[in-house]
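Participant: With the numbering used here as the guide, the letters of the sequence shown map in order to residues 13 to 95. Below is the structure I would like to discuss, written out as structure tokens.
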Amino acid sequence: MTDCNETLRELETFLDNELSDGARGAIHVHLEACTDCLQAFDFHAELRSVIAAKCHNDEMPPGLLSRIEKCFGEDIDGDGRIG
Ligand SMILES: [Zn+2]
Numbered sequence: 013m014t015d016c017n018e019t020l021r022e023l024e025t026f027l028d029n030e031l032s033d034g035a036r037g038a039i040h041v042h043l044e045a046c047t048d049c050l051q052a053f054d055f056h057a058e059l060r061s062v063i064a065a066k067c068h069n070d071e072m073p074p075g076l077l078s079r080i081e082k083c084f085g086e087d088i089d090g091d092g093r094i095g
């Protein structure tokens, strides 16, 4: 039987589908009995699906977001109008 600490430690691996069948089964058993861990897993699973949908499964290149923000900032600051 897995305990909460062990279950939460395996959370990321579980969501990556990189656990063995046995380890996954143990976590499923724990989640059916433990609402706290179930909510934590639900939250992380939801978070991952949101990120995956937004990024189309690609990792956002580092610095891209700040470059985009900088471009908008320069346009707006430039002569007071966009374009
Ligand atoms: Zn638990």
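Quick reminder that beta carbons are idealized off the backbone N, C-alpha and C, glycines included.
#1: T19: beta carbon under 7 Å from a heavy atom of ligand 1?
#2: Can you tell me whether N29 is helix, strand or coil according to DSSP?
#3: Where L23 and L50 are concerned, what is the direct C-alpha to C-alpha distance, given to the nearest angstrom?
#4: Starting from E22, trace the alpha helix (DSSP H) both ways and give me its first and last residue.
#5: Please report the distance separating the alpha-carbon of F55 from that of S61.
#6: Is any heavy atom of ligand 1 found at a distance shorter than 7 Å from the C-beta of D54?
Facilitator: Concretely, from the data shown:
#1: To locate residue 19, count along the sequence shown from 1; it is residue 7. Ligand 1 approaches T19 closely enough that one of its heavy atoms is under 7 Å from the residue's Cβ.
#2: Taking the first residue of the sequence shown as 1, we reach residue 29 at position 17. Coil, per DSSP.
#3: Taking the first residue of the sequence shown as position 1, residue 23 is located at position 11. Taking the first residue of the sequence shown as position 1, residue 50 is located at position 38. Approximately 10 Å, taken between the alpha carbons.
#4: As a position in the sequence shown, residue 22 is number 10, starting the count at 1. That residue, E22, is in no alpha helix (DSSP H); it is neither H nor E in DSSP.
#5: Stepping through the sequence shown from its first residue, residue 55 is reached at position 43. Stepping through the sequence shown from its first residue, residue 61 is reached at position 49. About 10 Å.
#6: Along the sequence shown, one-based indexing puts residue 54 at 42. Answer for D54: no, Cβ out of range of ligand 1.
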